[in-house]
Structure formats: C-alpha cells, structure tokens
Amino acid sequence: MDVGAGDGRYALAAAGPDTLAIAVDAHGPAMAPAWRRVQRQRLDNVLLVVARAEELPSELDGMADAVTVHFPWGSLLRGVLEVEAEVAHGLARIAKPGACVTAVLSVTDHERSLALPVPDERLGPVLAERYAAHGLTLAEWRPATRDEIEATRSSWASRLGAGRRRPAWRLRLVRDGTLPE
713 MDVGAGDGRY
723 ALAAAGPDTL
733 AIAVDAHGPA
743 MAPAWRRVQR
753 QRLDNVLLVV
763 ARAEELPSEL
773 DGMADAVTVH
783 FPWGSLLRGV
793 LEVEAEVAHG
803 LARIAKPGAC
813 VTAVLSVTDH
823 ERSLALPVPD
833 ERLGPVLAER
843 YAAHGLTLAE
853 WRPATRDEIE
863 ATRSSWASRL
873 GAGRRRPAWR
883 LRLVRDGTLP
893 E
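So for the sequence shown, this note's numbering puts the first residue at 713; every next one is plus one.
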C-alpha cells in the first residue's frame, strides 16, 4: 500500500499477478493517469483510494503486507517527521502485524521554513520513541541510497533533485503485534 501515492506510478509498478497494490492519495486528480491505465489495461489488482493519510478508511485496516510513503510533502511530510498521532496511528492500522512501513523523504528549503525537523542522525532516537507509542518499532533511520531513491519511481523526487542536490532519508518501521489503544 502506497500512501501519498501521487500519480500512482509506484503502485502500478508493484502490482503483479499475485499482488494487490493499493495507492492512497488525498488529491484524486493526481492519480488520474494511474486510473486511466487501470481502466485501459483492465487491472483488477490495483485499487486507487482517495483519502488523507490522517483519515485512512477503516476498510484498509490490517490489509498491507508493506506500506510505503515516498517523498511526502505538506501535511503528510509533517505527519511522518513529527509523528503526528493521526498519521502514525493510521500507518500502523493499515499494516499487518510484522509488516514494514518504509518512508523515503527529503525536506525542501520551503518546508524547513515551516519549522519541520531537519532529517539527520539525531532525529532517529526521537522518531523511535514517538513511533513506539503507536505500535511501530524503528528498524532503520539513515540516508537513502541512490538505488532506493530510484526504486520509489517518484517524479516528485526527480523534481526535488533528491539524492543529488538534496539529501534523502530512509525510515523503516515494523508494525508490532498489537496496537496501543
């Protein structure tokens, strides 16, 4: 399940004959190219869901073997970096126990002006503590490699120059067996 899916390219690429891929984005028109491809190719293993990460539909609860968030911006970036309860709990809810929630992110100069935390090594322990309160264990917090950035298939990352002109970070969380109330 790709949250903040934008144009849906990652979910379309992830969809295989035995894989259900779900793209979730708050801005439905952004997923229009993916929708046309799903219709044209009659893909019955790709779902496109219009929803905010802060308000994920309960129908998605426990469905995801893996959750991805690639180069979020705006409220989703803030929610991931500041571990806002609605975003963190939603990501934990949609993941199956033991599933990984992986984010690759970069903070632009504009977003720094909004007082977002600067991604660096010091942020790891803070993220670990905050995500633990939502049933997610920090497994990895480090600079993303060029291959990891390219694997996101993110057109937004290309526009940002992520990995070339601006650092990108990889966050990997593992969903615990039970979620806190």
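C-beta atoms are modelled at their ideal positions from N, C-alpha and C, and glycine is treated no differently.
Being a predicted model, the structure only gives us computed values, none of them experimental.
Beta-carbon separation of residue i and residue j under 8 angstroms?
i	j	result
residue 765	residue 812	no
residue 722	residue 730	no
residue 848	residue 804	yes
Could you give the residue range of the beta strand (DSSP E) that holds residue i?
i	result
residue 697	Residue 697 falls outside the range modelled here, since the chain spans only 713 to 893, and no answer is possible.
residue 762	758-762
residue 730	Looking at the DSSP string, residue 730 is not in any beta strand (DSSP E), and its letter there is neither H nor E.
residue 848	848-855
residue 718	Here residue 718 belongs to no beta strand (DSSP E), and DSSP marks it neither H nor E.
residue 813	807-817
Whole angstroms are fine: how far does the CA of residue j sit from the CA of residue i?
i	j	result
residue 791	residue 753	34 angstroms
residue 801	residue 762	18 angstroms
residue 817	residue 810	22 angstroms
residue 844	residue 767	20 angstroms
residue 806	residue 734	11 angstroms
residue 837	residue 826	22 angstroms
residue 732	residue 755	10 angstroms
residue 726	residue 891	27 angstroms
residue 797	residue 893	12 angstroms
residue 750	residue 741	14 angstroms
residue 833	residue 814	17 angstroms
residue 830	residue 856	15 angstroms
residue 757	residue 717	16 angstroms
At what residues does the alpha helix (DSSP H) containing residue i begin and finish?
i	result
residue 844	835-844
residue 747	744-753
residue 791	786-793
residue 885	Unbroken run through residue 885 is the beta strand (DSSP E), 881-887; no alpha helix (DSSP H).
residue 832	Segment: none, residue 832 is in no alpha helix (DSSP H) and carries neither H nor E.
Spatial neighbours of residue i within its chain, please: C-beta separation below 6 angstroms, excluding the five flanking residues on both sides.
i	result
residue 842	795
residue 793	828, 829
Residues in the same chain with beta-carbon distance under 7 angstroms from residue i, minus the five sequence neighbours each way, listed in chain order, please.
i	result
residue 840	850
residue 719	742, 743, 745, 746, 867
Can you list, in chain order, the residues of its chain whose CB lies under 8 angstroms from that of residue i, leaving out five sequence neighbours each side?
i	result
residue 864	722, 780, 782, 783, 816
residue 789	817, 819, 823, 828
residue 759	732, 733, 734, 735
residue 808	774, 775, 776, 777, 887
Flag this pair as touching only if the stretch 876-889 and the stretch 838-856 have three or more C-beta atom pairs under 8 angstroms; answer yes or no. yes
Q.
Quick check: the stretch 768-775 against the stretch 738-748, are at least 3 beta-carbon pairs closer than 8 angstroms?
A. no
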